[in-house]
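S.K.: Each residue of the sequence shown is one higher than the last, beginning at 5 in our numbering.
Just so it is clear, CB atoms sit at the ideal spot from N, CA and C, and this is done for glycine as well.
Treat the numbers as computed from the prediction; the structure is a model and nothing was measured.
One structure, pasted below without further comment.
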Amino acid sequence: NIDKYALYVFENDWQAKVSYGITVDLKVNGTLPVEITGLQETTVLNDIESPFDQFKIAIPILHKTQNLAIVLATGSDTNSDSLNITFLQAISNLIIVAIENKRMARRQLEEEAIRKELEIAKNVQNFLFPDNLPDGVRLKVEASYLPHHTVGGDYYDYIPINKNQFLLCIADVSGKGIPAALMMSNFQASLHTMLRHTSNLTEIVEALNYQIHESAKGESFITFFAAIYDHELNTMVYVNAGHNPPFLFNADGKMEELTTGSTILGVFDPLPFISEGFIPDLDGFTLFCYTDGLTETENEEGIEIGSDRIAEFFQDNHKKNLTKIHQLLLDEIDQFRGSVSYKDDITILSCKVEAR
5 NIDKYALYVF ENDWQAKVSY GITVDLKVNG TLPVEITGLQ ETTVLNDIES
55 PFDQFKIAIP ILHKTQNLAI VLATGSDTNS DSLNITFLQA ISNLIIVAIE
105 NKRMARRQLE EEAIRKELEI AKNVQNFLFP DNLPDGVRLK VEASYLPHHT
155 VGGDYYDYIP INKNQFLLCI ADVSGKGIPA ALMMSNFQAS LHTMLRHTSN
205 LTEIVEALNY QIHESAKGES FITFFAAIYD HELNTMVYVN AGHNPPFLFN
255 ADGKMEELTT GSTILGVFDP LPFISEGFIP DLDGFTLFCY TDGLTETENE
305 EGIEIGSDRI AEFFQDNHKK NLTKIHQLLL DEIDQFRGSV SYKDDITILS
355 CKVEAR
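This is the structure we're talking about:
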């Protein structure tokens with residue numbers, strides 16, 4: 005007894021999925037009259053605006069109180085009672101199940117594609133980090149990395165320059181996920197390329213800043229700390245480009261925060277200022293670098309652990325084995341945050357050079 009039939013399903017907006025016998029093309033997606041979309045039970049339609057006035061009955065298909073779909077129908081005679089409402093509901097439910105199954109299958113394919121993209125990005129990011137860090141009698145380097153998501157925006161590196169010099173660096177890109185990982189990948193490649201031509205930190209930082217500014221168009225930035233240590237001269241040269249100041253302990257246990265450098269990279273070109281920090285007579289030291297995810301770790305009261313507490317921790321523990329220091333620090337921030345999740349990536353990079 006069905007003369008006209010249309011099934012509308014809500015997917016961001018109302019879409020006509022199935023129709024029969026209608027004289028006007030109601031498959032054009034758009035807004036159904038609120039008199040129809042607000043229905044909570046089967047209703048005989050009266051005084052509905054054109055072109056929906058060709059329907060005599062509306063059957064909402066609900067999940068709890070939410071309209072998933074609406075069946076609009078007209079019987080083969082003017083009496084709405086001639087329609088088999090139960091049949092209409094049953095056949096419409098079958099159609100909706102088929103539509104929902106197709107939607108779920110499409111969503112699963114999309115999620116699988118995203119998962120594969122994230123896995124690729126994660127592998128790319130893992131390639132950024134050095135495979136092996138020094139663990140010798142005089143030089144030891146330790147790193148801990150806790151990504152907030154599958155893919156993060158932190159980066160650290162240890163790069164030998166020659167038999168006497170090595171570069172140690174840490175960086176944090178604004179943003180998260182795949183875009184951050186791709187930007188950091190370009191950053192790492194640029195840094196390694198530049199180090200093959202020069203070890204002048206000012207030149208390197210200025211070139212990195214230009215590259216970031218050009219590629220990100222000022223929409224992203226990177227904080228960066230890099231230090232070059234010379235075993236033969238016992239000197240350290242460093243630049244801090246807007247990064248959390250690392251803590252340096254000399255052989256006597258005196259602590260210094262390394263703040264000299266420039267502003268964050270990628271925002272201004274050229275950089276408004278830049279200078280190198282220089283530390284002579286550094287025969288034996290311990291250096292602790294970290295990203296802001298560490299100091300911004302919050303407890304259940306919303307209070308950040310802060311740089312003062314981190315500095316105090318390093319002051320109390322800097323003479324210990326680096327691996328032990330990292331484990332103690334991670335235990336401390338876990339105890340501090342309680343049940344609160346990390347809000348950002350956390351990277352800790354430490355270097356210990358024993359005095360000769």
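(1) Note down, one range per segment and in chain order, each beta strand (DSSP E) of at least 3 residues found wholly within the stretch 129-160.
(2) Classify D57: buried if its beta carbon has 16 or more other beta carbons within 10 angstroms, exposed otherwise.
(3) Would the stretch 118-138 count as touching the stretch 313-331 if we require 3 or more Cβ pairs under 8 angstroms?
(4) If you check the beta carbons only, do N168 and D234 fall under 9 angstroms apart?
(5) Out of L11, L195, T47, N130, which has the shortest C-alpha to C-alpha gap to A230?
(6) Can you list, in chain order, the residues of its chain with a C-beta nearer than 8 angstroms to that of V155? Leave out the 5 residues immediately preceding and following it.
(7) Can you give me the Cβ contacts of T299 inside the same chain, cut-off strictly under 7 angstroms, excluding the 5 residues immediately before and after it?
(8) Quick check: the stretch 285-293 against the stretch 346-360, are at least 3 beta-carbon pairs closer than 8 angstroms?
(9) DSSP three-state label for G306, please.
(10) With three or more C-beta pairs closer than 8 angstroms as the rule, is the stretch 341-355 touching the stretch 170-180?
(11) Output the boundary residues of the beta strand (DSSP E) element that contains Y242.
(12) Cα separation between S345 and E236?
(13) Extract the residue ranges of the beta strand (DSSP E) inside the stretch 210-283, only unbroken runs of 3 or more that lie entirely within it.
(14) With H, G and I counted as helix, E and B as strand and the rest as coil, what does DSSP make of S354?
(15) Could you check whether T295 and D161 sit closer than 9 angstroms to each other, using their CB atoms as the reference points?
(16) How far does the beta strand (DSSP E) with N71 in it extend, from its first residue to its last?
(17) Out of curiosity, what's the CA-to-CA distance linking Y149 and E302?
(18) Going by CA-CA distance only, name the one from V241, T206, I74 that's closest to Q19.
(19) Give the range of the alpha helix (DSSP H) segment to which H196 is assigned.
(20) Using the C-alpha atoms, what's the distance from S219 back to V177?
(21) Report back the beta-carbon spacing between T239 and I283 to the nearest angstrom; my notes put them in contact at under 8 angstroms.
M.R.: So, to answer that:
(1) The stretch 129-160 contains these whole beta strand (DSSP E) runs: 143-150.
(2) The residue in question, D57, is exposed, as its Cβ has fewer than 16 Cβ neighbours within 10 Å.
(3) As far as the Cβ criterion goes, the stretch 118-138 does not touch the stretch 313-331, which means the pair count is below three.
(4) In terms of Cβ geometry, N168 and D234 form a close pair [threshold 9 angstroms].
(5) Out of L11, L195, T47, N130, L195 has the C-alpha closest to the C-alpha of A230.
(6) Excluding sequence neighbours, V155 sits near L122, A125, K126, Q129, K180, G181, I182, A184, A185.
(7) Answer for T299: N248, E308, I309, G310, S311, I314, listed in chain order.
(8) A contact exists between the stretch 346-360 and the stretch 285-293.
(9) Residue state, collapsed to three classes: coil.
(10) Verdict: yes, contact present.
(11) Its beta strand (DSSP E) spans residues 239-245.
(12) Roughly 44 angstroms between the two C-alpha positions.
(13) Assignment of beta strand (DSSP E) within the stretch 210-283, counting only whole runs of 3 or more residues, yields 226-234, 239-245, 251-254, 259-261, 281-283 in chain order.
(14) If DSSP states are grouped into helix, strand and coil, S354 belongs with the strands.
(15) In terms of Cβ geometry, D161 and T295 do not form a close pair [threshold 9 angstroms].
(16) Start and end: 70-79.
(17) Roughly 18 angstroms between the two C-alpha positions.
(18) The residue with the shortest Cα to Cα distance from Q19 is I74.
(19) DSSP places H196 in the uninterrupted alpha helix (DSSP H) bounded by 181-199.
(20) Their backbone Cα atoms lie some 13 angstroms apart in a straight line.
(21) That belief holds up - the Cβ atoms of T239 and I283 are roughly 7 angstroms apart, short of 8 angstroms.
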